[in-house]
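Peer 1: Quick one: the structure is below, questions incoming.
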Amino acid sequence: MDLSKSASAGFAIAIALAATMVPAVPSGQKGKGSVRFAEVSQILQANCVSCHNAKSHPADVDLSSYDAVMNSGGDDPIVIPKHPEQSRIVAFVDGTKKPRMPFRKPPLSGDQIDLVKRWIKAGAKSQ
Ligand code: HEC
Numbered sequence: 001m002d003l004s005k006s007a008s009a010g011f012a013i014a015i016a017l018a019a020t021m022v023p024a025v026p027s028g029q030k031g032k033g034s035v036r037f038a039e040v041s042q043i044l045q046a047n048c049v050s051c052h053n054a055k056s057h058p059a060d061v062d063l064s065s066y067d068a069v070m071n072s073g074g075d076d077p078i079v080i081p082k083h084p085e086q087s088r089i090v091a092f093v094d095g096t097k098k099p100r101m102p103f104r105k106p107p108l109s110g111d112q113i114d115l116v117k118r119w120i121k122a123g124a125k126s127q
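Just so you know, we're using my numbering here: the sequence shown kicks off at 1 and counts up by one.
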């Protein structure tokens, strides 16, 4: 048996295992800390982008990238940095405005809505 070969195979497995242990984007800690767009983006990708993308963007809303989100809504932007209470993206996910988003699907959780609000409150930055 070729020992050097099996040793290097073991090494490769160790590397592969280590790679799977890299933590995912940390979930927002409720109520504190800054929120990165990456965290908001995860929610949008999972719940909104199937309908709101570059090809299909009802109500002029494309949620597939940071720039697209910030340019959505034309003259009436859906995100007003620092003002979640004035941001339509919030009003439509918390049901203040109808039809509630995601359209004809279960609502986002309170934590998810909270995360979007905190991201806007902190300035709706791209990072
Ligand atoms: C199943 C498809 C679908 C999904 C999923 C979806 N939307 Fe929509 N969205 C629509 C449609 C259709 C409209 C236009 C509704 C209308 O004008 O009656 C819309 C409109 C909007 C508007 C603009 C409303 C207005 O009139 O100003 C916002 C903001 C919005 N969506 C945000 C979201 C967000 C955020 C998500 C994910 C949490 C989401 N949508 C998920 C289909 C969808």
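Backbone N, C-alpha and C fix where the C-beta goes; we use that ideal spot for every residue, glycine too.
Closest to Q42 by C-alpha separation, out of I113, G123, K121 and A122, would be which residue?
Peer 2: Measuring from the Cα of Q42, the nearest candidate turns out to be I113.
Peer 1: Just to confirm, is the Cβ distance from V93 to P102 under 9 angstroms?
Peer 2: Going by beta carbons, V93 and P102 fall inside the 9 angstroms limit.
Peer 1: Spatial neighbours of P23 within its chain, please: CB distance less than 7 angstroms, with the 5 preceding and 5 following residues excluded, ordered by chain position.
Peer 2: Interpretation of P23 is limited by its pLDDT of 45, a score under 50 that renders its predicted location unreliable; the figure taken from the coordinates is listed afterwards. Once the five neighbours on either side are set aside, P23 has no close Cβ partner at all.
Peer 1: Which same chain residues end up closer than 7 angstroms to Q86 when comparing Cβ atoms and leaving out the 5 residues on each side of it in sequence?
Peer 2: I80
Peer 1: Please classify D75: does DSSP put it in a helix, a strand, or coil?
Peer 2: coil
Peer 1: Verify whether the separation of the beta carbon atoms of S34 and H52 is less than 9 angstroms.
Peer 2: No; because the gap between Cβ atoms is not below 9 angstroms, this pair is not in contact.
Peer 1: Nearest CA to the CA of D75: which residue from A59, R100, R118 and Q45?
Peer 2: A59
Peer 1: Roughly how many angstroms separate the alpha carbons of K82 and H57, rounded to a whole number?
Peer 2: About 25 angstroms.
Peer 1: Using a 10 Å radius around the Cβ and a threshold of 16 neighbouring Cβ atoms, would you call V25 buried or exposed?
Peer 2: Confidence is the limiting factor: at V25 the pLDDT is only 47, short of 50, which leaves the residue's position unreliable, though a coordinate-based value still follows. So V25 counts as exposed.
Peer 1: Check whether the Cβ of F37 lies closer than 8 angstroms to any heavy atom of the ligand HEC, and answer yes or no.
Peer 2: When distances are taken from the beta-carbon of F37 to the heavy atoms of the ligand HEC, even the shortest one reaches 8 angstroms or more.
Peer 1: Using the Cα positions of S72 and A54, report the straight-line distance between them to the nearest angstrom.
Peer 2: 11 angstroms
Peer 1: With Q45 as the anchor, note down where its alpha helix (DSSP H) starts and where it stops.
Peer 2: F37 to N47
Peer 1: CB of N71 to nearest heavy atom of the ligand HEC: below 8 angstroms?
Peer 2: no
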